[in-house]
Amino acid sequence: NLGDAVDGWHLDWTFTAGQQITQAWNATATQSGAAVTVKDAGYNAAIPSGGSVTFGFNASWNDSSNPPPAAFSLNGVPCTGTPGEPTPTVTPTVTPTVTPTSTPDAGAKQVEDLDRGLISVRSGSGNLVSWRLLGTESRDTSFNVYRGGTRVASVTNSTNYLDSGAAADASYTVRPVTGGTEGAASESSLRFANGYLDVPITPPGSNYAANDASVGDLDGDGRLDLVLKWDPSNAKDNSQSGVTDVVYVDGLKLDGTRLWRINLGRNIRAGAHYTQFQVYDYDGDGKAEVAMKTADATVDGRGTVIGNAGADYRNSDGYILSGPEYLTMFNGQTGAAMSTVNYDPPRGTVSSWGDSYGNRVDRFLAGTAYLDGQRPSLIMSRGYYTRSVIAAWDFRNGSLTKRWTFDSNSAGSQYAGQGNHQFSVADVDQDGKDEIIFGAMAINDNGSPLWNTRNGHGDAMHVGDLVPSRAGLEEFKVDEDSSKPSSWMADARTGQILWQTSPNGDNGRGVSADVWAGSPGAESWSSADSTLRNTSGGSLGRKPGSANFLSWWDADPVRELLDGTHIDKYGTGSDTRLLTGSGVHSNNGTKSTPSLSGDLFGDWREEVVWPTTDNRALRIYSTTAVTTTKIHTLLHDPQYRVALAWQNTAYNQPPHPSFFIGNGMATAPTPNVYVR
49 NLGDAVDGWH
59 LDWTFTAGQQ
69 ITQAWNATAT
79 QSGAAVTVKD
89 AGYNAAIPSG
99 GSVTFGFNAS
109 WNDSSNPPPA
119 AFSLNGVPCT
129 GTPGEPTPTV
139 TPTVTPTVTP
149 TSTPDAGAKQ
159 VEDLDRGLIS
169 VRSGSGNLVS
179 WRLLGTESRD
189 TSFNVYRGGT
199 RVASVTNSTN
209 YLDSGAAADA
219 SYTVRPVTGG
229 TEGAASESSL
239 RFANGYLDVP
249 ITPPGSNYAA
259 NDASVGDLDG
269 DGRLDLVLKW
279 DPSNAKDNSQ
289 SGVTDVVYVD
299 GLKLDGTRLW
309 RINLGRNIRA
319 GAHYTQFQVY
329 DYDGDGKAEV
339 AMKTADATVD
349 GRGTVIGNAG
359 ADYRNSDGYI
369 LSGPEYLTMF
379 NGQTGAAMST
389 VNYDPPRGTV
399 SSWGDSYGNR
409 VDRFLAGTAY
419 LDGQRPSLIM
429 SRGYYTRSVI
439 AAWDFRNGSL
449 TKRWTFDSNS
459 AGSQYAGQGN
469 HQFSVADVDQ
479 DGKDEIIFGA
489 MAINDNGSPL
499 WNTRNGHGDA
509 MHVGDLVPSR
519 AGLEEFKVDE
529 DSSKPSSWMA
539 DARTGQILWQ
549 TSPNGDNGRG
559 VSADVWAGSP
569 GAESWSSADS
579 TLRNTSGGSL
589 GRKPGSANFL
599 SWWDADPVRE
609 LLDGTHIDKY
619 GTGSDTRLLT
629 GSGVHSNNGT
639 KSTPSLSGDL
649 FGDWREEVVW
659 PTTDNRALRI
669 YSTTAVTTTK
679 IHTLLHDPQY
689 RVALAWQNTA
699 YNQPPHPSFF
709 IGNGMATAPT
719 PNVYVR
């Protein structure tokens, strides 16, 4: 820039040979005929005199000479420089949106193109071999199991097989059988030699611990990869003052290969409420992206600095209450920043969020939702104690574009203060499009309010088919306000309260799931309640010994209790220990949560991921129990899959599918999904 400083820019030019822009990065490009306008991406809007900004684009053309464009102008002022020769086409860090190879069924949602997730878990003197029934397959698909080149079993009623007496290092493949015809062999099995798989990791420093994790196919090979957040030992709750060290985020293959490391920089504070990262294939190219809040001095996975590398906005108490805030979509394979925009909403006046020192202004949440009923959108939010703002974004053709914003300031004061330390995502009105269940209220797929119980803020919530005897989904939630019900169950479509318990102070924990076969549907319990409750709120007697996470772990469809570094099975007299993690730690202080828990490999049952005590590995445990229950992989149930994506947010919660899994369950539905 040889002229005056610029704050906000658009560059216009004319193509002379029918060139057409196909994608752009570090800027937003629009084209009408031969006329092109490229606009700043927000974070690079300011150009000082003598400064410069770099953006890039890919284009197609019809003329073999590809002549340079003409008639450049910056903010409407003709440019006086001379265009140089066009540079050779460079492979960008983004890929265009992929058109499905076949027309999906009406209402189908796009999901990951996964492999079988075939694992072999050592069990006594044999191996439990377990694999996925994909959502695109018929439930009637059967499988032939091969040890090496020898067929050892034909399995029809499940997707697991215990190979008794087999060597611990045996290698397996499976082949689907449909209509009597055997299909192609799967990938070779992943071996859990001691009942677990260790994924090697490397701490950024001696004061770092492995924290929350997520999964996604980062490189498009059909196998899930891991994304891990590293927290320093001086991480803070928003209510606590103090400068923190930086937060790092790693992309990892299952063999421990680190694809990239992102340094969020000094202007992102470390703590459970600051960095909420989402891992999902937002543009449909078969590779997952990674989205999170960034700032000046964030360094992407390729070493490129976002914004001003020297900026430092920390105040003497360690809070960051000034300076620009960004939202960045990173390439999952390389860690490169692909699209960076201004974070919505901006902090504005700090005190307008409920306090003046920086606690409530920086309460962030994140999730993923199928708002159009077919493809995923990114959901980011700010605030839940008072003002609450939710922004929905699409990532298509290399650019983040805003779909809508919900703001309690404009929607009405009754929508302020209703959020939790997490939110859930589900199609609660059965229109094929997801809603955001934001604590005590729900926001429709178009960003408008759907319902509001006005029961206020809480620490835990669960959304699923908790009462299978009635149509639709339900929400179970606990409350913090001593004037509100301590816990309640509501119709997730309307917000109508089905039952509730009396006010009882700050109720910090609550769970709802079918953990006992002696009562139909989900049982619900909480820290402030003395009893386990049935689907009508009636007392069932002794409540479980924990009120934290859940896991489908043993042979039956009743869910187990996951807390700290162990898994227990509920009983009316006492809980029974099924697994104690060896040499591992839980996360997030008294929350005692795993890095991740969910259906990650094998059949529909759930794995649990804990860091080892030395933070040198992520240890993934999988069940050794044989089941005769056959369910499609929960990774292809969109409600469950997006729940895995939002699980790492703030006060982590376990995932729930869109249908009931439990004692007396109906045949599990076949997902209406498609892959690329």
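Read in order, the letters of the sequence shown correspond to residues 49 to 724 in my numbering.
All C-beta atoms in this analysis are idealised placements derived from N, C-alpha and C, irrespective of residue type, glycine included.
Query	Result
Would you mind working out which of S236, N255, S560 and G480 sits nearest D217, comparing C-alpha positions?	S236
Closer than 6 Å by C-beta to G631: which residues in its own chain qualify, once you throw out the five before and the five after it? Chain order, please.	T660 and T661
Between M340 and F597, what straight-line distance do the alpha-carbon atoms span, to the nearest angstrom?	24 Å
Closest by CA to S219, which one among E230, G231 and Y194?	Y194
Three-state secondary structure (DSSP) at Y688?	helix
Quick one, are the C-beta atoms of T376 and W694 less than 8 Å apart?	no
In angstroms with no decimal places, state the Cα-to-Cα distance between S461 and D365.	31 Å
Determine the direct distance from the alpha carbon of S567 to that of K481, and round the result to whole angstroms.	32 Å
By Cβ distance, which residues of its chain are closer than 7 Å to R170, with the 5 residues on each side in sequence left out?	A216, F240, A241, N242 and G243
One question on the structure: do V34 and W179 come within less than 8 Å of each other, judged by their Cβ atoms?	Because the chain is modelled from 49 through 724, residue 34 falls outside the range shown and cannot be assessed.
Should G183 be labelled buried (16 or more other beta-carbon atoms within 10 Å of its own) or exposed?	buried
Whose C-beta lies closer than 7 Å to the C-beta of P152 among residues of the same chain, with five residues either side of it excluded?	Y722
Helix, strand or coil, according to DSSP, for G558 in the structure here?	strand
Report buried or exposed for D602, applying the criterion of at least 16 other Cβ atoms within 10 angstroms of its Cβ.	buried
Check each candidate in E373, P96 and G421 and name the one with the smallest Cα separation from F412.	E373
Return helix, strand or coil for W564, following the three-state DSSP convention.	coil
Would you call P642 buried or exposed, if buried means 16 or more other Cβ atoms sit within 10 Å of its Cβ?	buried
Does the distance from the CB of A540 to the CB of E523 come in under 8 Å?	yes
May I have the straight-line CA-CA distance separating K277 from G228, to the nearest angstrom?	46 Å
How many angstroms separate the CA atom of N503 from the CA atom of K532?	6 Å
Quick check on the DSSP output: what are the complete alpha helix (DSSP H) runs of length 4 or more inside the region 420-497, in order along the chain?	456-459
Assign Q67 to one of three DSSP states: helix, strand, or coil.	coil
Apart from the five residues just before and just after S456, which ones in its own chain have a Cβ nearer than 6 Å to its Cβ?	R435, S436, Y463 and A464
From R590 to D273, what does the alpha carbon distance come to, in whole angstroms?	40 Å
List the endpoints of the continuous beta strand (DSSP E) containing P702.	No beta strand (DSSP E) contains P702, which DSSP labels as neither H nor E.
Using a Cβ-Cβ cutoff of less than 7 Å, which residues in the same chain neighbour P252 once the five nearest sequence positions on both sides are dropped?	W278 and Y296
For G355 versus A336, is the C-beta spacing smaller than 8 Å?	no
For V515, which residues from the same chain have a beta carbon less than 6 Å from its beta carbon, with the 5 sequence-adjacent residues on both sides left out?	E522, G569 and T583
For P131, I'd like the list of residues in its chain whose CB is within less than 8 Å of its CB, leaving aside the five on either flank, ordered along the chain.	Unreliable positioning characterises P131 in this predicted model, as indicated by a pLDDT of 48, which lies under 50. The coordinate reading is nonetheless provided below. Closer than 8 Å at Cβ, skipping near neighbours: P116, P117, A118 and F120.
Thinking C-beta only, is G313 closer than 8 Å to N720?	no
Using the beta-carbon count (16 or more within 10 Å), is T672 buried or exposed?	buried
Hey, A565 and N711 are a contact pair by Cβ (cut 8 Å); roughly how many whole angstroms apart?	4 Å
Quick check: the Cα distance between P592 and E608, rounded to an integer number of angstroms?	10 Å
Please list the terminal residues of the continuous beta strand (DSSP E) segment that includes W401.	Where W401 is concerned, there is no enclosing beta strand (DSSP E), given that its DSSP letter is neither H nor E.
Rounded C-beta distance between D161 and R689? I'm assuming under 8 Å.	Not quite, the Cβ-Cβ distance comes to about 13 Å (not below 8 Å), so this is no contact.
Tell me R667's beta-bridge partners as DSSP assigns them.	D246 and W658
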